[in-house]
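Chains as they are written, first to last, in numbering that gives the first Met the number 0: chain A, 0 to 285; chain B, 0 to 291.
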Amino acid sequence: MAGRSAEHRTGRHRSIRWGRVPTVLALVGISATTIYPLLFMLLTALKGRKEYLFNRYGLPNEATLENFYNAWVHAKVGHYAVNSSIVVATAVVLGWVVCSLAAYALSHLRFPGRRAIFLAIIGSMMIAPQVILIPLYSMLISLGLLNQHAGLILVYVTLSIPFGTYLLTSYFRGIPAEMVEAAQVDGANHLQILRRVMVPIARPALVTLGIFNFLWMWNELLFALLILQDDSVRTLMVGVANLRGQYTTNIPLLSAGLFLAATPVLVVFLIFQTQITKGMTMGAVK
Amino acid sequence: MSLAGRKTGAVYAYLFLAPACLLLIVFRVVPAVSAIGHSVTSWDGVTPAVYIGLDNFRELVRDGVFWTALKNNLVLVLAVPVWVLVSLLLALPLHQEVPAWKFFRTAFFLPSVLSPVIIGTLFTALLRHDGPVNHGLELVGLGRVARDWLGDPAAALPTLTMVILWGVFGEGVIVFLAGLAAVPQEIFEAARLDGAKGWVYLRHIVIPSLRHVIEFWGVNLVVWSFTSLFAFVYVMTGGGPGYATMLVEYQLYLQAFEANRMGYACALGTALFLMVFGLILLQVRLMAEKED
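Structure, rendered in structure tokens:
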């Protein structure tokens with residue numbers, strides 16, 4: 000593994016390798032392009048509207064939280080954030096339940112058609128979301144789920160099933176069958192085994208799945224835009240996309256809104272970076 | 000396990016699979032079949048659909064906007080090798096653990112967690128005619144290059160491509176880092192001792208040992224470029240100026256929800272489905288291979 004060879008290497012060479020200087024400088028430059036836009040967003044958000052006119056790129060002379068307040072209250076970012084939280088939290092929890100049930104069956108139970116069902120679930124990814132958009136939309140209308148959080152939640156959970164089932168099935172397969180059998184001898188049924196044996200052991204995979212779903216669901220625009228059209232139920236990304244039209248000239252306020260909308264994912268990213276990268280590389284490397 | 004135990008096992012299995020399968024059928028399979036069915040109809044989404052045979056597809060073939068959108072999609076597909084190479088080239092020094100490599104890894108990955116809505120809005124502000132990017136160009140004496148990056152018909156699509164690259168390259172770096180860590184490190188050590196450097200090292204050592212990861216990530220990006228760029232276009236250009244940044248998925252959205260031509264949009268969706276189908280099949284096969 001990289002970690003081990005690294006210790007090994009740094010142990011041998013303590014001296015600076017000058018050949019690396021151009022590489023490192025290039026990496027610094029590229030890091031600047033990823034960090035600067037976010038910094039620009041934050042610094043702009045801290046400036047008053049007037050100050051922004053004559054001081055675009057410097058540090059704010061008089062930092063103000065006014066923009067954050069206005070974005071949260073008047074531009075309704077707070078209201079949209081609550082809607083997003085309701086939708087995403089519910090969908091993440093339901094995603095856990097639905098995918099771990101399916102994954103347990105696919106990894107530890109024997110039944111006819113197991114492989115076919117596994118492939119069908121993964122294979123449903125072949126249906127790109129845009130293709131189903133229109134019939135799904137008219138179906139949600141007829142089910143009375145348009146402008147209902149429940150409608151978007153069900154769509155999100157469904158979209159999360161193929162990857163979630165894939166991830167949890169791989170993880171559950173690594174848990175020895177003997178543990179299931181031992182629990183059965185103790186008289187536990189499969190639901191109890193799932194809850195008391197599988198879930199505690201598979202916690203890392205569940206955390207990865209939860210973070211993964213949180214990130215894309217929080218960030219999603221297309222389905223949220225179509226399913227939740229009423230301003231009272233709108234989610235944050237739809238709200239932010241509209242802010243852009245409303246406040247084209249008020250860049251500080253727009254920046255504050257963007258920053259508030261991005262804060263949850265940035266916080267989750269900084270805390271759970273390892274889990275995110277693990278989940279992401281699941282399909283690529285095993 | 001006893002026979003009875005096995006039987007209850009099967010009952011449990013179907014019960015446990017029921018929620019996932021039911022959701023997939025109701026919200027994914029049925030709408031997909033319905034989309035293909037509606038592609039041969041004239042339908043406004045409100046009044047009943049009217050069967051019109053292959054008229055939608057005949058119109059599609061003659062639709063200039065569709066061909067422009069398809070051409071733009073193909074430009075993005077042609078950019079995929081560049082996106083892959085950028086990520087790969089940045090993953091190499093991080094794998095060799097240059098100073099502060101963990102910081103670089105975090106910095107590169109940062110944009111990947113942001114919503115296209117946020118990335119798009121932010122870059123619209125940065126790339127405005129009076130925005131920081133143009134100010135920066137003037138500062139270094141490149142004022143002549145400065146322009147309204149997303150409003151200029153010639154610059155809009157390349158600019159959009161660059162913004163998307165900004166949003167996604169870090170994810171590629173992470174994927175390649177994991178790939179590099181999974182390769183027996185002796186290969187790299189031996190190559191270095193043999194004095195392999197630069198292009199030779201990349202071409203004969205790195206790329207062959209990462210072939211599967213590169214394949215996986217490349218296919219992933221191609222599929223993604225056909226199906227996941229709606230938000231970027233919606234926020235940044237709306238498909239314009241003119242049709243300079245129109246993509247098939249965005250045209251589908253406009254036809255369905257701005258023009259209320261649901262039947263025609265379903266035909267567009269069917270065309271998109273067929274285009275992407277083969278690619279995703281390849282992707283699933285790569286994933287299933289790993290599974291066996």
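Every residue gets a Cβ at the ideal spot worked out from N, C-alpha and C, and that includes glycine. Predicted, not measured: the structure shown is a model, and the values here were computed from it.
- Leu-179 (chain B) sits buried, since 16 or more C-beta atoms from the chains shown fall within 10 Å of its C-beta.
- Burial state of Tyr-136 (chain A) is buried, judged by a 10 Å Cβ sphere holding 16 or more other Cβ atoms.
- Gln-129 (chain A) has a beta carbon lying within less than 8 Å of a beta carbon in chain B.
- Val-232 (chain A) carries a coil assignment under DSSP once its states are collapsed to helix, strand and coil.
- In this structure, Leu-24 (chain A) keeps its C-beta atom at 8 Å or more from the C-beta atom of Val-86 (chain A).
- Close to chain A, meaning a Cβ-Cβ distance shorter than 8 Å, are the following residues of the segment 104–121 of chain B: Thr-105, Ala-106, Phe-107, Phe-108, Leu-109, Pro-110, Val-112, Leu-113, Ser-114, Pro-115, Val-116, Ile-117, Thr-120 and Leu-121.
- The beta carbon of Thr-226 (chain B) falls within 8 Å of a beta carbon belonging to chain A, placing the residue at that interface.
- The C-beta distance from Thr-43 (chain A) to Ile-250 (chain A) rounds to 6 Å, short enough to fall under 8 Å.
- Assigned with DSSP and collapsed to three states, Tyr-50 (chain B) falls in strand.
- For Ile-34 (chain A), the C-beta contacts it makes with chain B under 8 Å involve Ala-106 and Leu-109, in order along the chain.
- When B:Leu-125, B:Pro-183, B:Gly-44 and B:Phe-168 are compared, the shortest CA-CA separation from Ile-140 (chain A) is found for B:Gly-44.
- The bridge partners DSSP lists for Ser-83 (chain A) come to none.
- Closer than 8 Å to the CB of Phe-171 (chain A) there is not a single CB belonging to chain B.
- Within chain A, Gly-122, Met-124, Met-125, Ile-126 and Ala-127 have C-beta atoms less than 9 Å from the C-beta of Ile-279 (chain B), given in sequence order.
- The residue among B:His-128, B:Leu-253, B:Pro-131 and B:Ser-114 with its C-alpha nearest the C-alpha of Trp-165 (chain B) is B:Ser-114.
- Residues of the segment 55–66 of chain B whose Cβ lies closer than 7 Å to any Cβ of chain A: none.
- Taken atom to atom, the span from the alpha-carbon of His-94 (chain B) to that of Leu-201 (chain B) is near 13 Å.
- The segment 159–174 of chain A and the segment 103–110 of chain A touch, with no fewer than 3 CB-CB distances between them shorter than 8 Å.
- Contacts with chain A at 8 Å (Cβ-Cβ) do not include Val-221 (chain B).
- Sequence-ordered contacts of the segment 163–174 of chain B with chain A read Trp-165, Phe-168, Gly-169, Glu-170, Ile-173 and Val-174 [C-beta pairs closer than 9 Å].
- Nearest C-alpha to Arg-284 (chain B) among A:Ser-99, A:Met-124 and A:Ser-30: A:Met-124.
- Nearest CB-CB separation between Phe-39 (chain A) and chain B: below the 8 Å threshold.
- Here the alpha carbon of Ile-213 (chain B) sits roughly 9 Å from the alpha carbon of Leu-84 (chain B).
- If you look at His-148 (chain A), you'll find it in the alpha helix (DSSP H) that goes 148–172.
- Taking C-beta atoms as the reference points, Val-247 (chain B) and Asn-55 (chain B) fail to come closer than 8 Å.
- Taking CB atoms only, Glu-257 (chain B) has no neighbour in chain A less than 8 Å away.
- Closest option to Pro-131 (chain B), judged by alpha-carbon separation, among A:Tyr-35, A:Gly-244, A:Gly-28 and A:Phe-258: A:Tyr-35.
- The Cβ of Ile-85 (chain A) sits no closer than 8 Å to any Cβ of chain B.
- No residue range can be given for Trp-42 (chain B), since it is assigned to no alpha helix (DSSP H) and is classified by DSSP as neither H nor E.
- Under the three-state reduction of DSSP, Glu-257 (chain B) is assigned to coil, being neither helix nor strand.
- In terms of beta-carbon proximity, Pro-134 (chain A) lines the interface with chain B, with at least one pair separated by less than 8 Å.
- Assignment of Lys-49 (chain A) by DSSP, reduced to helix, strand and coil, places it in the helix class.
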